[in-house]
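Everything on this sheet refers to the single structure shown next.
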Amino acid sequence: MAESGDGEAMEELAKRYADREDAETAELWYRKASESGVVRAMNRLGDLLEEREDLEAAEEWFGKGALLGDAYSMFSFGFRLAQRGDTADAEYWYRKSVELGEVGAMYQLGYLLETQENLEDAEKWYRRAAELGSTYAMGGLGTLLKRRGDLEQAEEWYRKGAELGEEDAMGQLGYLREAQGDLEGAEKWYRRAAELDSTYAMGCLGTLLRRRGDLEQAEEWYRKAVLNGRTYSMNSLGMLLRDKGNLEEAEEWFLKGANVGEVDAINTLAYTLNNRGEVQKAEEWTRKATEQDSDYAWNFLGNALEARGELAEAERCFHRAVEAGYKDSLLALGRMSQIRREMVESELWYRRAAGEEVSGAESALKSLELAVRSAEMMDAITFDTFGWTPTVNEENLRAWRGDHATLVERNIATDFDFTSYDEEELRAEFGDFMEQINSPSFDVGDLEIPEEFGKLDTEHFPKQSSLLELERFELNNAKCLFTITRHRMQEVIHYASATMICFAECFWLLGIELDEQELVGAREAAVARFEIDARDSGLPESGGSDPYDSKWDGLIPIEDDPLTRIRQLTKILLKSLALGETARRLEALEGDDDE
0 MAESGDGEAM EELAKRYADR EDAETAELWY RKASESGVVR AMNRLGDLLE EREDLEAAEE
60 WFGKGALLGD AYSMFSFGFR LAQRGDTADA EYWYRKSVEL GEVGAMYQLG YLLETQENLE
120 DAEKWYRRAA ELGSTYAMGG LGTLLKRRGD LEQAEEWYRK GAELGEEDAM GQLGYLREAQ
180 GDLEGAEKWY RRAAELDSTY AMGCLGTLLR RRGDLEQAEE WYRKAVLNGR TYSMNSLGML
240 LRDKGNLEEA EEWFLKGANV GEVDAINTLA YTLNNRGEVQ KAEEWTRKAT EQDSDYAWNF
300 LGNALEARGE LAEAERCFHR AVEAGYKDSL LALGRMSQIR REMVESELWY RRAAGEEVSG
360 AESALKSLEL AVRSAEMMDA ITFDTFGWTP TVNEENLRAW RGDHATLVER NIATDFDFTS
420 YDEEELRAEF GDFMEQINSP SFDVGDLEIP EEFGKLDTEH FPKQSSLLEL ERFELNNAKC
480 LFTITRHRMQ EVIHYASATM ICFAECFWLL GIELDEQELV GAREAAVARF EIDARDSGLP
540 ESGGSDPYDS KWDGLIPIED DPLTRIRQLT KILLKSLALG ETARRLEALE GDDDE
């Protein structure tokens with residue numbers, strides 16, 4: 000009969016070929032039956048075409064069945080329209096289908112309405128479909144109820160779906176049981192879903208096992224998840240391997256996850272690269288994570304930009320992090336405001352952080368209070384700097400950064416004894432101090448210095464220090480001391496200048512440090528060559544070959560001579576110094592009678 004053109008017979012023949020898994024012949028007869036107007040054949044043909052991803056042709060046949068009034072065709076046609084983004088027409092056909100009682104259309108209509116945040120209508124259609132036996136709708140209804148906080152009802156519907164074999168409902172039921180502390184129940188449902196090839200459940204089971212210390216089983220399930228296409232678990236697998244010490248393979252999985260756009264893997268890869276010193280690569284990956292509006296990535300990028308002095312851009316990133324839900328960035332925004340000396344704004348950010356119970360917020364509020372109280376004192380010293388960027392504005396401390404140097408201003412209340420103002424005595428005291436901190440048995444607690452300096456990290460103290468220059472001068476009623484020092488840090492040398500402005504009640508310390516550190520002193524070598532050439536030429540001796548004497552400034556290009564550079568920066572700083580009103584009101588430090 001099929002050969003004679005009977006559409007029903009054609010469709011029956013097609014079904015027989017399909018049962019024998021002869022898809023090609025089945026499709027041939029389904030197509031013939033569809034062309035003769037058999038709607039069931041149109042639907043089966045549409046399903047076959049969809050399975051082999053010929054979506055345009057599938058949509059065409061579902062559309063023809065929909066126009067003929069078939070409920071399943073309307074549902075399938077609506078689904079295809081929704082998949083390509085035509086949600087308005089999709090909703091129209093879903094509603095036409097549900098009027099004819101199509102349960103699948105009820106579920107899909109509920110899902111579509113949920114994505115549009117029409118939660119009340121979404122729940123209505125999920126319930127109708129679930130009550131008619133749709134396990135998908137049971138899971139969907141459970142998720143909607145969980146979303147609004149009704150965990151008891153959510154669990155009820157997840158359990159109904161799970162007991163009917165719905166793997167997504169099993170996985171979600173496992174998640175609820177885990178959240179409520181029932182780890183045994185969670186593992187049971189995760190395993191049942193994972194054995195039905197739910198990659199979500201595989202990943203969740205891996206994490207549950209990892210948390211209880213069963214790393215071998217956890218790794219097994221993570222590997223099954225990623226091999227079955229769960230890219231999200233690539234980061235979890237990488238972190239487990241990292242914990243086990245398999246760093247090379249761990250990074251391979253971070254990279255695989257990052258390359259397919261998994262934001263957690265991108266962030267972990269960036270963190271790994273940054274810790275290894277590959278800062279530029281880390282930032283490149285972090286910027287990719289910010290394209291997905293990752294709150295962690297925005298905060299990470301903000302910290303990186305702040306570290307190199309790009310404060311305006313850093314602050315923008317911290318704002319984006321807070322908007323995306325990263326509460327710790329509230330502290331960073333408070334810090335940014337404080338650097339800009341916007342103390343009221345800073346307090347608002349810190350109080351918001353405290354309200355969110357961010358660690359360190361209460362401490363930041365206390366420090367801000369102290370900083371506000373000391374602000375008048377800090378403003379007492381005024382000077383024109385070098386157009387550098389402010390990077391720190393904390394209690395009793397301000398700092399600015401240039402391309403290769405840092406300027407720091409610190410105010411310290413003290414009973415510092417500076418009545419002896421003899422330059423030679425100061426040199427001797429300075430020498431004793433240097434000798435003390437260069438001693439192998441040095442302990443910062445042994446120093447008689449203000450409490451603020453007692454927090455110094457002795458691991459970063461130089462291995463060897465020497466005083467190159469010392470000069471005393473007066474500025475209004477303040478007695479001042481200027482020094483340049485040379486430090487050996489392991490195998491490199493480093494220069495710093497310090498200007499101490501002393502009153503009876505307090506002193507200010509203004510310091511300049513260069514970033515670069517020299518392995519070999521080009522200046523020393525140039526002075527030695529000069530002396531050798533002078534002797535060889537029979538010229539008179541120079542009167543001393545101390546390479547750190549300022550008379551040798553300019554012997555080599557300034558870019559090769561950090562000592563000359565720091566002298567020039569200090570000279571500009573000293574010329575620009577002025578005392579504000581607060582400093583002029585401070586009690587002058589009295590010197591010896593001969594002063």
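Sequential numbering of the sequence shown, starting at 0, is according to numbering that gives the first Met the number 0.
We put the CB at the ideal spot given by N, CA and C, even for glycine.
| Check | Outcome |
| --- | --- |
| Are the region 87-104 and the region 54-72 in contact at 8 Å, needing three or more beta carbon pairs? | yes |
| Please state whether DSSP places I265 in a helix, a strand or coil. | helix |
| What is the C-beta distance between A323 and W297, in whole angstroms, given that I count them as a contact (C-beta under 8 Å)? | 6 Å |
| Among the residues of its own chain, which have a CB less than 8 Å from the CB of R147, if the five just before and after it don't count? | L118 |
| Counting along the chain, where does the beta strand (DSSP E) carrying R409 start and finish? | A404 to A412 |
| What are the complete beta strand (DSSP E) segments, minimum 3 residues, inside the region 473-526? | 477-488, 491-501 and 505-513 |
| Measuring only the C-alpha atoms, how far is T289 from S328? | 15 Å |
| Alpha carbon to alpha carbon, what distance is there between Q107 and L12? | 32 Å |
| What are the start and end residues of the alpha helix (DSSP H) that includes P561? | P561 to S575 |
| Start and end of the alpha helix (DSSP H) containing W60? | L54 to L66 |
| Measure the Cβ-Cβ separation of A269 and W252 and say whether it is below 7 Å. | no |
| DSSP three-state label for L455, please. | With a pLDDT of 48 at L455, under the threshold of 50, the predicted position of this residue should be treated as unreliable, and no value is reported. |
| Give me whichever residues DSSP pairs with T381 in a beta bridge. | A577 |
| Our contact map puts E408 next to W507 with C-beta atoms below 8 Å; I'd like the distance itself, whole angstroms only. | 7 Å |
| Could you compute how far the alpha carbon of T595 sits from the alpha carbon of I265? | What the structure shows of the chain is the stretch from 0 to 594, and residue 595 is not part of that stretch, so it cannot be assessed. |
| Distance, Cα to Cα, I531 vs S544? | 11 Å |
| In angstroms with no decimal places, state the Cα-to-Cα distance between Y199 and Q171. | 9 Å |
| Between which two residues does the alpha helix (DSSP H) harbouring E250 extend? | L246 to N258 |
| I'd like the span of the alpha helix (DSSP H) that includes R126, first residue to last. | L118 to E130 |
| Go ahead and pull the three-state DSSP assignment for K550. | helix |
| Which class does N395 belong to by DSSP, given the choice of helix, strand or coil? | coil |
| Just to confirm the assignment, what range does the alpha helix (DSSP H) spanning D35 have? | Per the sequence presented here, residue 35 reads as Ser, with Asp not at that position. Where S35 is concerned, there is no enclosing alpha helix (DSSP H), given that its DSSP letter is neither H nor E. |
| Measure the C-alpha to C-alpha separation of L204 and G256 and round it to an integer number of angstroms. | 19 Å |
| By DSSP's criteria, L466 is part of a beta bridge. Which residues make up the other side? | T484 |
| From M169, E7, G139 and L480, pick the residue whose C-alpha is nearest to that of C501; which is it? | L480 |
| Going by DSSP in three states, T230 sits in which element: helix, strand or coil? | coil |
| Could you check if G430 is buried or exposed, using at least 16 other CB atoms within 10 Å of its CB as the buried criterion? | exposed |
| Assuming contact is defined by CB atoms lying nearer than 7 Å, are R209 and L239 in contact in what I supplied? | yes |
| Whose CA, out of L474, N476, M433 and T24, lies closest to the CA of L467? | M433 |
| Taking C-beta to C-beta, are R39 and E58 nearer than 7 Å? | no |
| Is the beta carbon of E261 closer than 7 Å to that of Y231? | yes |
| What's the gap between the Cα of S465 and the Cα of R584? | 35 Å |
| By Cβ distance, which residues of its chain are closer than 6 Å to G237, with the 5 residues on each side in sequence left out? | A249, W252 and F253 |
| Here's a check: name, in chain order, each residue in its chain whose Cβ is nearer than 6 Å to the Cβ of E7, leaving out the five neighbours to either side. | none |
| How many angstroms separate the CA atom of A525 from the CA atom of S536? | 16 Å |
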